[in-house]
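In case it helps, mature numbering (1 follows the signal peptide of the UniProt record, and there is no 0) puts the sequence shown at residues -30 to -1, 1 to 692. C-beta: ideal position from N, C-alpha, C; glycine also. Remember, predicted model here, so these are calculated numbers, not experimental data.
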Amino acid sequence: MHRTHSLRAHTLRLSLLTTALLGAFGGARADEALDELTKPASNVSIGWGYWSNDRPQQGIYDGMRSKGSYLLLDADVARRNEETGTWFTLRGTNLGLDNRELRGDYLRQGRYGGFLEYSKLPRDNPFSINTGLQGIGSTTVTTGTNLGSFPRSEVELGTEREGIRVGGFATLSPGWTAKLEFKNEDKKGTRQIGWGSAALFSVEPVDSNIQQLDATLQYAGEKLQLSGGYSGSAYQNHNPMLFEQLNRVSGGTNASFNAVTPISQPLDNQAHQVFVDGGYGFTSSTRGTFKAAYTLATQDQHIPSYDLGGANAPFVNAPSHLGGKVETTLLQTGLTSRPSSKLSLMANLRYYDVNDKTPLAGYVGSNTTGVATVYNTPQSYTTTSGKLEATYRLPLGFNITGGVDYSDQDRSVPLTGAVYVPYRESLNEITYRAQLRRAMAENLNGSFTYFHSDRSGGAFSRADGTAPYSNQINPIHLADRIRDKVRAQLDWDPLEMLSMQFRADFSHDDYPQGDRPYGPRDGSAQTYAVDMSYTFTDDWVLSAWYAYDLSKARSVGYRQASGGSADALRDANLQEKGDSLGATMRVKFSSKIESGFGVDWYSSTNSSSQDLTLLGTGSAYPTGTTGPLSDTRNKLLRLKFDTKYLIDKASDLTFGVVFEQWQTDDWAWNLADGSPFSYYSGTQACTGCTGAGYTGVVDGTTVTAKTKQASTFVGLRYNYKF
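As structure tokens, this is what we get:
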């Protein structure tokens, strides 16, 4: 009976579809259209492309950073066995580039299926680095205290993620489906880092692996839907510790500037989660949802620096393992209902508990007294949040929606050891929102939404539980905040061939000062956007968009007297402004020739002006400084053209050209005099050394970014459908 019902329903759907196609296209064209829907189509695209110049900024992720030729190869193959109803698909994207993807699927609809997927994603460092650092790519690197110690060369850094996913599903019985998926991803390469103990350049050899397993059992009934299972992940770092080696001009030792400095890397860890979620339809107009999950994350790898000796020996009472353990519990439930044709209701409640059971221990201290001075800082927190929302349909096409969101967070405060970050034992936030929507005409509708939120919390606490901090920084993610936000949207189709969408957002933040004078004071954000599409004829279509955003923030900090300057309050006004626009015209000149013309333009400007209020005697600025920071601007222009020539019904030839220009005046990698940034290259005396001591020039590695990068891409593709 079940099979007969399915065939009968399938036949009915095809009959209705055939009738509709016959009415719309006539007999011959209807047969062609029906074939496209019911029979698999495949295509292969192969071509050649060439970039005229290096493009280190825009080529960070696309595998085409360098000048030269590239293979353009894509494939989308689909085959269906008419007798068994099984499908085989193979899809490949960017197969000739370093950001390639390839996936194959085997599927018998409603019964079983499986897939195998391969992916690769590069991340190239956009900077030019000139260094004499030795051992790049290994766990031991060496730098010299004299620019002539080692030969210098240009190096390019970057990482690659390469992964395989495999999975499948099977229908066990009507309503029950099992899914299993496994992912293995390797990440390798080199990444720019610093020593930590000195202003010296170094490179981290990246070699890690992530594995993830997901097993899910699903049930879909008439009223009840369930999904539950297991999700686990494991991270393994093959380079848990690096050694930074200093090749001095002459001998000597200094405990604060050791000849060999170890640098810890992320240690192996794993997480296991069990979960269940689903929904139940109480009536045709009322539905409930729920979710529960428990996660156990651990990190108990032997700390590699624990076995070091000499000046790098660990604190005598430090543990050899972190013993990291974090338990996370999530409980969530929701309800949606439509009690009448005019009223809709929605409510949900969420409980999220992070219980950090990592032992508190001292990791830095005196080996003479055995007293610890620096501890790890495990932190637990519990967040309870909820949402209520109601929508009522008013006369004259108006809809009004009102809602309230609430969040309450309790946070733990460590009571042992020195605390280097602020702790707040509670944090609460409530948001009210109201929206008015109206369909003003058949071709015009819009909405206006207002949000008001208020965040506050308990006192900032000391590590020993005594008097709260005062006269300290008010961190932006924990600070009391009052936010007001409005949003307006409009969809307008004034003509059959023209459609437009408008959106405007504005928000303003206030941060009450209280007894904590340093940190954020206020901020604002504006966003305006418009999209449009105009169809001149079926063969001439124009689409365009424009967006503008402006974000501002004011923050007050403290500058301590140094180099003849006075103590001062630093009032900083931060601003980021962005403009972007784009347009594309598609033109079909004939039955065989179709072309596209496009332009994209992006611009962003960052400003950081500051005023100083002197609190004592001394100068406004230290000798040699010039005052407020200059603006930073980034711009990107991209011009695109492509044309497609239809050779026959199954094949075409596509030619494309892209011109790309990116420019910046970012001074982040420049020194104050405008010269390229150089890691410390002054005279380094060995203060406190024993033995011969040394005086030399340290490192001297330079990092530069090309401020204007322009390149042109030319490509030709042959596309074949079968």
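Secondary structure note for K9: it is in no beta strand (DSSP E), with a DSSP letter that is neither H nor E. Beta-bridge analysis with DSSP links S550 to A517, Y572. Distance from the CA of Q27 to the CA of G685, rounded to the nearest whole angstrom, comes to 20 Å. About 5 Å separates the beta carbons of A190 and G145, which is inside the 8 Å limit, making them a contact pair. The bridge partners DSSP lists for F629 are L609, T682. The alpha-carbon of L551 is positioned some 39 Å away from that of K153.
Counting other Cβ atoms within 10 Å of its Cβ, N337 stays below 16 and is therefore classed as exposed. The DSSP assignment places 294 to 307 as complete runs of the beta strand (DSSP E) inside the region 265 to 320, in order along the chain (cut-off: 3 residues).
Boundaries of the beta strand (DSSP E) around T113: 110 to 114. Taking a C-beta distance under 8 Å as the contact criterion, Y200 and Q269 do not qualify as a contact pair.
Assigned with DSSP and collapsed to three states, G670 falls in coil, not helix or strand. By the Cβ neighbour-count rule, M410 is exposed, with fewer than 16 other Cβ atoms within 10 Å of its own. Under DSSP, A241 takes part in a beta bridge, and its partners are S203, A267. For M211, the enclosing beta strand (DSSP E) starts and ends at 211 to 217. Under a 10 Å Cβ-count criterion, F430 is classified as buried, with 16 or more other Cβ atoms of the shown protein chains found around its own Cβ.
By the Cβ neighbour-count rule, N282 is exposed, with fewer than 16 other Cβ atoms within 10 Å of its own. In this model, N69 and N179 are separated by some 18 Å (Cα to Cα). Judged by DSSP in its simplified three-state form, P482 adopts coil rather than helix or strand. C-alpha of S310 to C-alpha of W632: approximately 56 Å in a straight line. Between V526 and Y572, the CB-CB gap reaches or exceeds 8 Å. Selection R556, S39, I134 evaluated against S89 yields I134 as nearest (Cα-Cα).
No Cβ-Cβ contact shorter than 8 Å links R486 with R524. P232: member of the beta strand (DSSP E) spanning 230 to 234, first to last residue. Here the region 327 to 334 does not lie against the region 312 to 319, with fewer than 3 beta-carbon pairs under 8 Å apart. Excluding its 5 nearest sequence neighbours in each direction, R457 has C-beta neighbours in its own chain below 6 Å: T419, D475, listed in chain order.
Between the alpha carbons of L127 and L609 lies a distance of about 29 Å. If you look at L641, you'll find it isn't in any beta strand (DSSP E); DSSP assigns it neither H nor E. Only residues of its own chain outside the window of five on either side were considered, and among them A536 have a CB closer than 7 Å to the CB of T587, listed in chain order. In the structure shown, G367 falls within a helical segment according to DSSP collapsed to helix, strand and coil. Using a C-beta cut-off of 8 Å, the region 337 to 352 makes contact with the region 284 to 300, since at least three inter-stretch Cβ pairs fall below that distance. According to the DSSP secondary-structure assignment, R122 is paired through a beta bridge with no residue. A straight line joining the alpha-carbon of Q79 with that of R49 spans about 13 Å.
The residue among V324, Q442, S350, P232 with its C-alpha nearest the C-alpha of L300 is V324. Remark: fewer than three beta-carbon pairs, one from each stretch, lie closer than 8 Å, so the region 155 to 173 and the region 136 to 143 are not flagged as touching.
Apart from sequence neighbours up to five positions away, the residues of its chain that approach L212 with a beta-carbon distance below 6 Å are T109, I233, ordered along the chain. If you check the CB distance, A241 and G202 come in under 8 Å.
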